[in-house]
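Each residue of the sequence shown is one higher than the last, beginning at 1 in our numbering.
Glycine included, each C-beta is placed from N, C-alpha and C at the ideal position.
These numbers were taken from a predicted model, which means no experiment stands behind them.
Notes for the one structure printed next.
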Amino acid sequence: MPKMSGAQALLESLEHQKVDTIFGILGGAILPVYDALCGNKKIRHILARHEQCAAHEAEGYARASGRAGVCMATSGPGATNLVTGIANAYMDSSPVVALTGQIPTCSVNSSYMIGRDAFQEADILGITTAITKYNYQPRSISEIPQMVTNAFHIATTGRPGPVLIDLPKNIQSNIDEVEFTNKPDIRSYKLPQPPNPTKISQATELLTKAERPILLVGGGTILANASDEIVKLSDLLTAPVTTTFMGKGAFPENHPLSLGSIGMHGNPAANRLIGEADVLLAIGTRFSDRATTNIDSFAPDAKKIQIDIDAAEINKNIEVDIAIIADAKESLKIILPAVSKKLKKGEGKTWTKRVKEAKEQLSPLLKENPHDIVPKTLLSELRKLLPQNGVITTEVGQNQMWSALYMQALQPRTFISSGGLGTMGFGFPAAIGAKVACPDRIVVDIAGDGSFIMSEQELACSVAEDIPVIAIVLNNGVLGMVAQWQRTLYDRRYNAINLGKTPDFVKLAEAYGAQGIRVDSIDTFKKAVKTAMINKVTTVIDVPIGSETDVVPFVPPGCGLPQQRGDY
């Protein structure tokens with residue numbers, strides 16, 4: 001067995017997992033790993049400007065590529081700064097492996113060790129227990145290869161999620177014999193079982209007899225790479241498809257049977273029709289509150305079938321009639337031929353007519369004014385300019401909901417946003433990570449001014465590391481979503497939402513060495529996007545919009561989907 005330091009063992013173990021990129025910021029407790037990185041030609045290190053953003057960059061990389069993203073930070077504040085990014089990955093089931101430095105288990109004279117509140121010590125294992133699938137702390141060098149193999153296996157299998165490895169500094173520096181392995185060895189960690197044949201048969205029976213079937217597709221479908229099967233099943237049943245926010249892109253939104261997204265700020269056609277369904281097949285979704293709003297009035301007349309890889313999500317929010325606890329792709333591969341065999345041809349014509357009618361009456365894009373510089377028109381024009389495989393990330397707030405409504409996603413892994421945690425500042429670093437994963441594709445962050453300010457320092461990372469992305473800032477000078485709620489639900493009692501005219505986003509971009517463009521019309525917007533797509537430098541496009549522009553329609557708190565308010 002070869003002898004090497006713990007840091008070298010870590011890097012070689014990462015190479016065994018085919019890791020090609022680490023997003024991170026160094027510090028004293030992780031210095032041995034960074035020293036070992038010197039001269040490493042297989043792993044690229046990208047210097048983030050904040051550890052939270054390093055975690056978001058790793059998640060953007062993971063969600064665009066389908067591979068695990070890796071982030072790294074030092075002990076204490078470096079590790080705790082990762083926490084929000086790790087929590088975001090956990091809520092959205094993203095495979096991320098976080099590496100943190102830690103103070104030594106003991107010093108040379110054994111006077112300091114973990115647990116004595118040494119400089120920059122933080123119990124990151126305890127802190128992240130609730131927001132990781134698992135976390136590790138090696139106490140010997142020989143443990144590192146197995147821990148790394150296990151970490152990647154846990155992060156990427158079953159329901160994906162983040163795993164953390166906390167590395168004491170002396171373990172990084174010491175030298176010992178190391179044996180490498182690519183075989184996971186994890187007690188009590190069980191992979192999903194094949195779909196239950198009885199449940200598959202019951203689901204098939206319901207689907208083939210349904211007169212008004214709807215497919216509700218969540219983010220788990222994208223994680224399972226099951227988009228092709230969804231399209232085939234929809235076409236076979238002539239069943240319309242609506243997605244959750246996290247499922248956006250799992251079904252092409254230019255497909256005749258697409259209803260767009262469901263939920264609080266969902267497409268009215270989707271919200272209306274799901275209440276008329278007699279059978280609802282939910283795939284890879286946890287029925288979150290933002291999707292279902294009032295659970296008591298959600299699809300009240302529908303028999304419900306739920307396919308999910310995580311047994312904990314079954315009946316957690318919505319009671320279902322048939323539960324299939326298995327991988328979405330494997331389940332659909334069995335359901336498709338079974339449905340095809342039982343289905344009677346020529347059925348579903350009345351439902352298809354109703355779906356077409358609802359889309360024509362309620363579709364938001366039909367009421368578009370091509371001359372107004374408003375989010376609806378801007379995003380519709382952006383869709384026309386971008387290639388189908390262009391990657392969209394979003395910040396959090398009104399910009400995010402406008403994107404869900406008006407920015408059609410045509411392929412899986414091309415729409416990346418913070419869903420469960422709703423983390424402001426997510427979009428721009430996620431765009432950087434997505435661009436690293438897909439360097440030949442256009443990557444655009446749709447941002448609000450309030451959210452973009454929270455991670456604008458990553459412009460330095462983008463420029464210095466030559467990662468050209470586009471940020472479109474919908475600039476209304478306020479924290480828009482909070483302002484909308486204060487305007488709508490609190491009788492316009494505005495408080496703590498005014499951002500004013502600072503910063504000047506054009507000058508800010510230029511200060512970092514990026515390109516800044518301000519637009520004042522749809523024509524100048526289109527020209528700016530075309531310029532940004534051609535140039536090989538990060539571009540910030542500042543788009544001033546009205547401070548009282550609302551995201552409409554919306555479902556007020558406590559109301560059900562049919563009680564959606566507002567007009568497009």
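> Nearest CA to the CA of Pro300: which residue from Ala409, Lys341, Arg272, Thr181?
Replying inline: Relative to Pro300, the option among Ala409, Lys341, Arg272, Thr181 whose CA is nearest is Arg272.
> To which residues of the same chain is Arg49 closer than 8 Å at the C-beta, ignoring the five residues directly before and after it?
Replying inline: Here the set comprises Ile25, Gln457, Glu458, Ala460, Cys461.
> Given Ala224, which residues of its chain have a CB within under 6 Å of its CB, disregarding the five upstream and five downstream residues?
Replying inline: The beta carbon of Ala224 sits closer than 6 Å to the beta carbons of Asp327, Ala328, Lys329 from its chain, once the five residues preceding and following it are set aside; these are given in chain order.
> Ala496: buried (16+ other C-beta within 10 angstroms of its C-beta) or exposed?
Replying inline: With fewer than 16 other Cβ atoms within 10 Å, it is exposed.
> Can we say the segment 347-364 touches the segment 233-243, given the rule of at least three CB pairs closer than 8 Å?
Replying inline: Taking 8 Å as the limit for Cβ pairs, the verdict is that the segment 233-243 does touch the segment 347-364.
> Candidates Phe452, Ala282, Ile154: which alpha carbon is nearest Pro429's?
Replying inline: With distances taken between Cα atoms, Pro429 lies closest to Phe452.
> Any idea if Tyr494 is buried or exposed, counting beta-carbon neighbours within 10 angstroms, 16 or more meaning buried?
Replying inline: Tyr494 comes out exposed.
> Is the segment 176-194 touching the segment 153-162 in the sense that three or more CB pairs, one from each, lie closer than 8 Å?
Replying inline: Yes, the segment 153-162 touches the segment 176-194.
> With burial defined as no fewer than 16 other Cβ atoms inside 10 Å of the residue's Cβ, what is the status of Leu37: buried or exposed?
Replying inline: Taking all protein chains shown into account, Leu37 has 16 or more neighbouring C-beta atoms within 10 Å of its C-beta and is therefore buried.
> Would DSSP call Gly66 helix, strand or coil?
Replying inline: Gly66 falls in the coil class under three-state DSSP.
> Do you know how far the Cα of Pro138 is from the Cα of Glu319?
Replying inline: Straight across, the Cα-Cα distance linking Glu319 with Pro138 is about 42 Å.
>> If you reduce the DSSP assignment to three classes, tell me which class His45 lands in.
In response: Strand at His45.
> How far does the alpha helix (DSSP H) with Gln172 in it reach, from first residue to last?
Replying inline: Its alpha helix (DSSP H) spans residues 169-173.
> Under three-state DSSP, which class holds Met246?
Replying inline: In the structure shown, Met246 falls within a coil segment according to DSSP collapsed to helix, strand and coil.
> Is DSSP giving Glu253 helix, strand or coil here?
Replying inline: Correct three-state label for Glu253: coil.
> What separation, rounded to the nearest whole angstrom, lies between the Cα atoms of Lys133 and Thr350?
Replying inline: The straight-line gap from Cα to Cα measures roughly 46 Å.
> Between Ala54, Pro77, Asp123, Gly115, which lies nearest to Val96 when the distance is taken from Cα to Cα?
Replying inline: Distance from the Cα of Val96 is smallest, within the candidate group Ala54, Pro77, Asp123, Gly115, for Ala54.
>> Between Ser173, Asn315, Val391, which has its C-alpha nearest Ala7's C-alpha?
In response: Cα-wise, what sits closest to Ala7 is Ser173.
> Taking the C-alpha atoms as reference points, what is the distance between Ser417 and Ile472?
Replying inline: It is roughly 15 Å from the alpha-carbon of Ser417 to the alpha-carbon of Ile472.
>> For the structure I just gave you, are there three or more beta carbon pairs, one from the segment 507-526 and one from the segment 429-440, closer than 8 Å?
In response: The answer is no - the segment 429-440 does not touch the segment 507-526, with fewer than three Cβ pairs under 8 Å.
>> Between the alpha carbons of Asn315 and Met533, how many angstroms are there, rounded?
In response: Going by the C-alpha atoms only, they are around 45 Å apart.
> When the Cα atoms are used, what is the spatial distance from Pro213 to Leu280?
Replying inline: Cα to Cα, the separation comes out at about 6 Å.
>> As a quick exercise: from Val178, Ser380, Ile131, pick the residue whose alpha carbon is nearest that of Pro160.
In response: Among Val178, Ser380, Ile131, the Cα nearest to that of Pro160 belongs to Ile131.
>> Mapping the DSSP letters down to three states, classify Asn475 as helix, strand or coil.
In response: It is a strand residue.
> Can you list, in chain order, the residues of its chain whose CB lies under 6 Å from that of Leu99, leaving out five sequence neighbours each side?
Replying inline: The beta carbon of Leu99 is closer than 6 Å to those of Met72, Ile165 in its chain, skipping five residues each way along the sequence.
> Who does Val543 pair with in a DSSP beta bridge?
Replying inline: Looking at the DSSP output, Val543 sits in a beta bridge with Leu474.
>> With a threshold of 8 Å on Cβ separation, who are the neighbours of Leu206 within its own chain once the five nearest residues in sequence on each side are excluded?
In response: Result list for Leu206: Val279, Lys303, Ile305, Asp321, Ile322, in chain order.
>> Rounding to the nearest angstrom, what Cα-Cα distance links Asp310 and Asn498 in this structure?
In response: Cα-Cα distance, rounded: 42 Å.
> If Thr414 sits next to Gly249, beta carbons under 8 Å apart, how far is it from one beta carbon to the other, in whole angstroms?
Replying inline: Yes, they are in contact, since the Cβ atoms of Thr414 and Gly249 sit about 5 Å apart, within 8 Å.
> Are Asn475 and Phe426 touching if we call contact CB-CB under 8 Å?
Replying inline: For Asn475 and Phe426, no; Cβs fall outside 8 Å.
>> Taking 8 Å as the threshold (C-beta atoms), are Ser93 and Gly263 in contact?
In response: No, the Cβ-Cβ distance between Gly263 and Ser93 is not below 8 Å.
> Can you pull the DSSP bridge partners for Met282?
Replying inline: Residue identity check: residue 282 is Ala in the sequence provided, not Met. Within the DSSP secondary-structure output, Ala282 pairs in a beta bridge with Leu216, Gln306.
> When you compare each of Ala58, Gly76, Ile222 to Val70 by their alpha carbons, which one comes out closest?
Replying inline: Comparing alpha-carbon positions, the option among Ala58, Gly76, Ile222 lying closest to Val70 turns out to be Ala58.
>> By DSSP's criteria, Tyr134 is part of a beta bridge. Which residues make up the other side?
In response: For Tyr134, which the question treats as bridged, DSSP gives the partners Val163.
> With respect to the alpha helix (DSSP H) encompassing Phe298, which residues constitute its N-terminal and C-terminal limits?
Replying inline: Run containing Phe298: none; DSSP gives neither H nor E here.
> Based on Cα-Cα distance, which residue from Glu510, Asp289, Val469 lies nearest to Gly560?
Replying inline: Considering only alpha carbons, the answer is Asp289.
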